[in-house]
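Asker: Please see the structure below; I have some questions.
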Amino acid sequence: MITKTLTPEHALFEYCLRLGDTALIMGQRISEWCGHAPYLEEDIAMSNMALDYIGQARIILSYAGQIEGKNRDEDTLAYRRDSTEYRNLLIVEQPNENFAFTITKQFIVSVYNFHLFSLLQKSSDPQIAAYAAKSLKEVAYHFRHSADWVLRLGDGTPESHNKIQEAVNDLWYYVDDLFQTDEVEELLLKNGVAADLREVKLKWTETVAEKFKTATLEIPQVNNFMRMGSRTGNHTEHLGYILAEMQFLPRAYPDAKW
Amino acid sequence: MVAGITVEHIRDLLSKVLDPEVPALSIVDLGILRDVSLENSVFEISITPTFTGCPAMKVIEEDIVEILHHEGINNFKIKTVLAPAWTTDWMSPEGKKKLKEYGIAPPSQSTEEHLKAMLSGRKKSVQCPFCNSLNTKLTSAFGSTACKALHFCNECHQPFEEFKCH
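Here it is, written out as structure tokens:
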């Protein structure tokens, strides 16, 4: 929860949770494809990307723990928080559904990460800047992978086109949540720590429009309702189920060591 | 503690630590070893991960400990540093040569060129490490480890791996 007077430390902690939880839940979701993807290379691709995301989460959650100073390391933050304390984007907790749905989710998030991390490389916080520079190179591969698939499915058969257009329509409700600003974002933007989400949105919109055009996909016109809440931990019903699975072992055996 | 050990000795010893996933290259060739310094009789060894989720980092740390303990050296600590972020631009020309001889195509672009190409969707064919042909195709951008991609050479009909630009 955001305290009444927001200190720069608390804002930075929140910001790291937003980055770290998004990477963690994205990685956990993608890893569900391990052993189930349509063919071997795709299975390897999914597992590789899941590993990248969990690696990214580990770095930034470990930093979050240091900033908080309450002796919580990255594992404690990942395994001992409940859903309302999670700050991941709502889109990443959505179920994988079919392959087109998963790819669309990955495309939306990869384009977002690509532009966000490009800006965060210049963050005034050296740890965030290093994290962004490192992650950006991995995200570039995630972006190319999903963009290739968006084109193949969108400009593929009538069936593949319909499935991915349906996925775009369904996932569009979670797009505004990506760019929501609040006092944490504003404070850190002033300090030069955070990236300007308005700038990220402009670039994101441009890239998505360009790729959708080649893939013959329509951008949905949704003006009445957008689902938001990641900044305050108001999640969709899906997050609890992911956490139940992910946290079962460390909660059942709290002192277990590798 | 062994008397007379210098930072250079430590560096020499660590140049024998190989990347477990690319055993043709040492952690020095790859630029994973960032620094060795001596303070208050303790050697501080800084290493940096190649990919964020690289599982080889743990093994590399254990190998460093083993090689130094084997020489009776106990006065050291290992630190993981993130900034500046590791890039394939740091791979030595010698390292790239060894990689090619081992049968893995070395990274062919600078990180900057690579990121631009990624966003625009341009694809550059990778040179086959066996017959040097550029008539190759990408079979999978994700390979057996986080740092490698899979290609196929249309000339010599060999599948091969590429160390990805990073």
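Going down the list, the protein sequences come from chains R and Y. Per the working numbering, the first sequence starts with residue 1, numbered consecutively. Per the working numbering, the second sequence starts with residue 259, numbered consecutively. Ideal placement from N, C-alpha and C gives every residue a C-beta, glycine not left out.
Reducing DSSP to helix, strand and coil, say where Y/Glu-279 ends up.
Answerer: Coil at Y/Glu-279, not helix or strand.
Asker: Quick check: is the beta carbon of Y/Thr-397 nearer than 8 Å to any beta carbon in chain R?
Answerer: Output row for Y/Thr-397: interface = yes.
Asker: Measure the alpha-carbon distance for R/Phe-99 versus Y/Lys-422 and round it to whole angstroms.
Answerer: Going from the Cα of R/Phe-99 to the Cα of Y/Lys-422 covers about 26 Å.
Asker: Report the residue from R/Val-175, R/Pro-95, R/Val-111 whose alpha carbon sits nearest the alpha carbon of R/Thr-207.
Answerer: Nearest C-alpha to R/Thr-207: R/Val-111.
Asker: Pair every Cβ in the segment 88-104 of chain R with every Cβ in the segment 16-30 of chain R, then say whether three or more of these pairs are closer than 8 Å.
Answerer: Short answer: they touch.
Asker: Return yes when the Cβ of Y/Ile-362 is within less than 8 Å of the Cβ of Y/Ile-318, no when it is not.
Answerer: No, the Cβ-Cβ distance between Y/Ile-318 and Y/Ile-362 is not below 8 Å.
Asker: To be precise: take each residue of the segment 128-146 of chain R, compare its Cβ to all Cβ atoms of chain Y, and keep it if any distance is under 8 Å. Which residues remain?
Answerer: Answer set for the segment 128-146 of chain R: Ala-129, Ala-130, Tyr-131, Ala-133, Lys-134, Ser-135, Leu-136, Lys-137, Glu-138, Ala-140, Tyr-141, Phe-143, Arg-144, His-145.
Asker: Roughly how many angstroms lie between the CA atoms of R/Asp-73 and R/Gln-66, to the nearest whole one?
Answerer: Whole-angstrom Cα-Cα distance: 8 Å.
Asker: Are any of the Cβ atoms in chain R nearer than 8 Å to that of Y/Pro-342?
Answerer: Interface residue, yes.
Asker: Would a check of beta-carbon distances place Y/Gly-379 closer than 8 Å to chain R?
Answerer: Yes, its Cβ sits closer than 8 Å to a Cβ of chain R.
Asker: Taking only three categories from DSSP, how would you classify Y/Val-384?
Answerer: Of the three classes helix, strand and coil, the one that applies to Y/Val-384 here is coil, per DSSP.
Asker: Report yes or no: is there a C-beta of chain Y within less than 8 Å of the C-beta of R/Gly-55?
Answerer: Interface residue, yes.
Asker: Identify the contact partners of Y/Ala-404 in chain R, using a Cβ-Cβ distance below 7 Å as the criterion.
Answerer: What Y/Ala-404 touches in chain R: Asn-48, Leu-51, Asp-52.
Asker: So, at 6 Å on beta carbons, what are the nonlocal neighbours of Y/Asp-251 in its own chain, with the 5 sequence-adjacent residues on each side left out?
Answerer: Because chain Y spans 259 through 424 in this model, residue 251 of chain Y falls outside it and cannot be assessed.
Asker: Less than 8 Å between the CB atoms is what I'm expecting for Y/Leu-283 and Y/Lys-356, so what's the real figure, rounded?
Answerer: Contact holds; Cβ gap of about 6 Å.
Asker: Mind checking which residues open and close the beta strand (DSSP E) that includes Y/Glu-297?
Answerer: Segment 291-297, the beta strand (DSSP E) holding Y/Glu-297.
Asker: Closer than 8 Å, CB to CB, is Y/Cys-312 near chain R or not?
Answerer: Chain R contact via Cβ: present.
Asker: Output the distance between the C-alpha atoms of R/Lys-190 and R/Glu-183, rounded to the nearest integer angstrom.
Answerer: In a straight line, the C-alpha of R/Lys-190 is about 11 Å away from that of R/Glu-183.
Asker: Applying a beta-carbon distance threshold of less than 8 Å, which residues of chain Y neighbour R/Glu-41?
Answerer: Residues of chain Y passing the Cβ test: Thr-397, Ser-398, Phe-400, Leu-408.
Asker: Does any CB atom of chain R fall closer than 8 Å to the CB of Y/Leu-373?
Answerer: Yes - at least one Cβ of chain R is within 8 Å of the one on Y/Leu-373.
Asker: Could you round the C-beta distance between Y/Ile-268 and Y/Val-300 to whole angstroms and report it? I think they count as a contact, below 8 Å.
Answerer: Between Y/Val-300 and Y/Ile-268 the Cβ distance is about 11 Å, and since that is not below 8 Å, they are no contact.
Asker: For R/Asp-148, which of Y/Pro-387, Y/Met-376, Y/Gly-311, Y/Thr-403 has the nearest alpha-carbon?
Answerer: It is Y/Met-376 whose Cα lies nearest to the Cα of R/Asp-148.
Asker: Quick check on the DSSP output: what are the complete alpha helix (DSSP H) runs of length 4 or more inside the segment 308-380 of chain Y, in order along the chain?
Answerer: You should have 314-328, 351-359, 369-378.
Asker: Considering R/Phe-101, what are the terminal residues of the alpha helix (DSSP H) in which it resides?
Answerer: Where R/Phe-101 is concerned, the enclosing alpha helix (DSSP H) stretches over 99-120.
Asker: Would a C-beta distance cut-off of 8 Å place Y/Ser-366 and Y/Lys-381 closer than the cut-off?
Answerer: Going by C-beta atoms, Y/Ser-366 is not nearer than 8 Å to Y/Lys-381.
Asker: Helix or strand or just coil, what does DSSP make of R/Phe-179?
Answerer: Three-state DSSP puts R/Phe-179 in a helix.
Asker: For R/Glu-218, count the other beta carbons within 10 Å of its own beta carbon; 16 or more makes it buried, fewer makes it exposed. Which is it?
Answerer: It is exposed - the Cβ of R/Glu-218 has fewer than 16 other Cβ atoms within 10 Å.
Asker: Could you tell me the distance, in whole angstroms, from the CA atom of R/Glu-32 to the CA atom of R/Glu-166?
Answerer: Straight-line Cα distance between these residues: approximately 21 Å.
Asker: Verify the CB distance criterion: does R/Ala-45 have a CB-CB separation below 8 Å to chain Y?
Answerer: Yes - at least one Cβ of chain Y is within 8 Å of the one on R/Ala-45.
Asker: Could you list which residues in chain Y have their beta carbon closer than 9 Å to that of R/Ile-59, in chain order?
Answerer: Correct list: Pro-307, Thr-310, Leu-340.
Asker: Using only CA atoms, which one of R/Lys-163, R/Leu-19, R/Gly-233, R/Leu-188 lies nearest to R/Thr-7?
Answerer: The option with the nearest alpha carbon to R/Thr-7 is R/Leu-188.
Asker: Hey, is Y/Met-349's beta-carbon within less than 8 Å of any beta-carbon in chain R?
Answerer: No, because no Cβ of chain R sits closer than 8 Å to the Cβ of Y/Met-349.
Asker: From R/Pro-158 to Y/Glu-320, what does the alpha carbon distance come to, in whole angstroms?
Answerer: The straight-line gap from Cα to Cα measures roughly 53 Å.
Asker: When you compare only the Cα positions, how much space is there between Y/Lys-374 and R/His-115?
Answerer: Their Cα atoms are separated by approximately 12 Å.
Asker: Counting C-beta neighbours from all protein chains within 10 Å, is the total for R/Gly-55 16 or more, i.e. buried, or is it exposed?
Answerer: Buried.
Asker: Starting from the beta carbon of Y/His-327, find every residue of chain R whose beta carbon is closer than 8 Å, and list them in chain order.
Answerer: Per Cβ cutoff of 8 Å: no residues; Y/His-327 is ~21 Å from chain R at best.
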